[in-house]
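What follows is a single structure, written as structure tokens, with notes after it.
Number of protein chains: 2
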Amino acid sequence: MKSKFNLIIADDHVMFLDGLHGILSELENVGEIHLATDGQQVLRLLNQFNNVDLVISDINMPKMDGIELLSTVKKKYPEIKFFILSMLDDVRTINKVVQKQADGYILKFADKEELKKAVLEVLSGEQHYSQKVKESYMQSVFERKQNSHVELSKREKEVLKLLMEELSSKEISEKLFISVNTVETHRKNILLKTGSKTTVGAVKFAIDNGYYSE
Amino acid sequence: MKSKFNLIIADDHVMFLDGLHGILSELENVGEIHLATDGQQVLRLLNQFNNVDLVISDINMPKMDGIELLSTVKKKYPEIKFFILSMLDDVRTINKVVQKQADGYILKFADKEELKKAVLEVLSGEQHYSQKVKESYMQSVFERKQNSHVELSKREKEVLKLLMEELSSKEISEKLFISVNTVETHRKNILLKTGSKTTVGAVKFAIDNGYYSE
DNA sequence: TTGTAAATCACTGAATTCTGTGAGGTTTTT
DNA sequence: AAAAACCTCACAGAATTCAGTGATTTACAA
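Sequences listed follow chains A and B, in order.
Here our numbering is used: the first residue of the first sequence is 969, the next is one more, and so on.
Here our numbering is used: the first residue of the second sequence is 969, the next is one more, and so on.
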């Protein structure tokens, strides 16, 4: 294990960045700390310095957000540790982060001791997720079990996607060059498969399962 | 002008609070700094210490948010300076803060130098608003009614929430003990306010804006 | 080859949503 | 005190969705 590690911290709130910088410089085995206010800047820094060990990043940032940055970094520099420091604690965000193999996820509600601990853990190869994050993730895993075996057909997905754009059955039928009756049948089957009573359920399903790209 | 001023800083992100504390202790004419993680705690501190000169507060906080706290403090302790430190830069929020006579509004995008400068200015009786805040406010003054910001009424939120549970208008009316016609009117207005063509749009809005807790 | 799933279409009737318009009382803001 | 926003209710017709049933064709797999 190295004695000095070099970091990049990214957050578009400069003031928060200043605070983080202060907190992390208190750690003895931390060497250089580079600061960035958006994702692209992080990539430039990684290009410039080839001795970076850990990237700590917020999610909401201009130009390139933390999730996208995470993907990019993990693909291009698989050996670099990456963890998310965000105030977002919703299920969907957490899912994305876990899916993309982040080494950690800390909420900004945490105090600086937890942050320091997390940094040290991640640097030594462990993972560190906030308690709340873990709970949310468990919950989502449980929820997913309920509709994981749900598979929509290709056509049903197309219909659902257009439905998400607030089109009526008639409008969808015109877009897909099929009969309104057919669209209605597809919708019926979508409700059946997703266990929904109304279109509302189908919309929630679509969002939960990524059939809808906002 | 006093030589030492005492502050209270309030933010529910403990880590941010730590950072702020560090930054502000660098100022020479700052004396005691009290920390709080919600609005009610600030009120308790004000009750306990009668030598506080300035409160710096975030907006999003549990128990009592920054706006409400601002009102309360300004009413009860008109001589105490108060400024908002938030990441919210939407027109509506800014309007409220300006209306309620805050001594300043700084965005978390600012750097620590601006924060220090702002603190000193406010302590010496001036106001300090971030450039962006001023711009947003100006814009809102000109645009007046063109508020693109969507705010649902309390009742509308209730209806939307039940709608998200796949209830029909009839079922919602039974839950809220109101007429079906009323529910329909609320739904009508929800579609209007959110600019939706169908319920699908309302559902997407609900999810995007956290009106739906999965 | 037989079966299963998918995609297509049709018909009906009931239920629900959407659109439009109006209106009276309450609460909040200005 | 006046204005604006909110909550309530009503009616009505058009449009849409939902539920149930059944059927043909294709495609892929057991």
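C-beta atoms are modelled at their ideal positions from N, C-alpha and C, and glycine is treated no differently.
Burial state of Leu1056 of chain B is buried, judged by a 10 Å Cβ sphere holding 16 or more other Cβ atoms. The DSSP-derived three-state label of Val1023 of chain A is strand.
With a contact defined as Cβ atoms closer than 8 Å, Lys1049 of chain B and Leu1091 of chain B qualify at about 7 Å. Looking at the DSSP output, Ser1054 of chain A shares a beta bridge with A:Leu1075. Collapsing the DSSP output to three states places His1096 of chain B in a strand. Using a Cβ distance threshold of 8 Å, Val1023 of chain A and Val1041 of chain A count as a contacting pair. Residues of chain B with a Cβ closer than 9 Å to the Cβ of Ala1078 of chain A are, in chain order, His981, Val982 and Met983. Taking 7 Å as the Cβ-Cβ cut-off, the stretch 1126 to 1149 of chain A approaches chain B at Leu1131, Met1132 and Glu1134, given in chain order. Non-local C-beta neighbours of Leu988 of chain B in its own chain, meaning closer than 6 Å and more than five positions away in sequence, comprise Ile977, ordered along the chain. Separation of Lys1084 of chain A and Leu995 of chain A (C-alpha to C-alpha, rounded to the nearest whole angstrom) is 7 Å. Under a criterion of Cβ atoms nearer than 7 Å, the residues of chain B adjacent to Met1055 of chain A are, in order, His981. Counting only runs of 3 or more residues that sit fully inside the stretch 974 to 1020 of chain B, the beta strand (DSSP E) segments are 998 to 1004, in chain order. Here Lys1068 of chain B has Leu1038 and Ser1039 as same chain residues with Cβ atoms under 6 Å from its own Cβ, once five neighbours each way along the sequence are excluded. Judged by DSSP in its simplified three-state form, Lys1068 of chain A adopts coil rather than helix or strand. Non-local beta-carbon contacts of Met1029 of chain A in its own chain, meaning distances under 6 Å to residues more than five positions away in sequence, involve Asp980, Asp1006 and Gly1007 in chain order. Of the candidates B:Ala1070, B:Arg1155, B:Met1032 and B:Asp1071, B:Arg1155 places its Cα closest to the Cα of Lys1122 of chain B. Under the three-state reduction of DSSP output, Lys1156 of chain A falls in the helix class.
Listed along the chain, the chain B residues whose CB falls inside 8 Å of the CB of Asp986 of chain A are Gly987, Ile991, Asp1079 and Lys1080. Burial is judged here by how many other beta carbons sit within 10 angstroms of a residue's own beta carbon; Asp1026 of chain B has at least 16 and is buried. At a cut-off of 8 Å between C-beta atoms, Ser1098 of chain A does not count as an interface residue with respect to chain B. Within the stretch 1149 to 1160 of chain A, not one residue has a Cβ closer than 8 Å to any Cβ of chain B. For Thr1061 of chain A, no chain B residue has a Cβ inside 8 Å of its Cβ, as the nearest lies near 12 Å away.
Taken residue by residue, none of the stretch 1007 to 1032 of chain B has a beta-carbon sitting less than 7 Å from a beta-carbon on chain A. Contact with chain B is found for Thr1166 of chain A, since one of that chain's Cβ atoms lies less than 8 Å from the residue's Cβ. Secondary structure of Lys1031 of chain B (DSSP, three-state): coil. For Lys1049 of chain A, DSSP records a beta bridge to A:Leu1022. Listed along chain A, the residues sitting closer than 9 Å to Leu1083 of chain B by beta-carbon distance are Met983 and Asp986.
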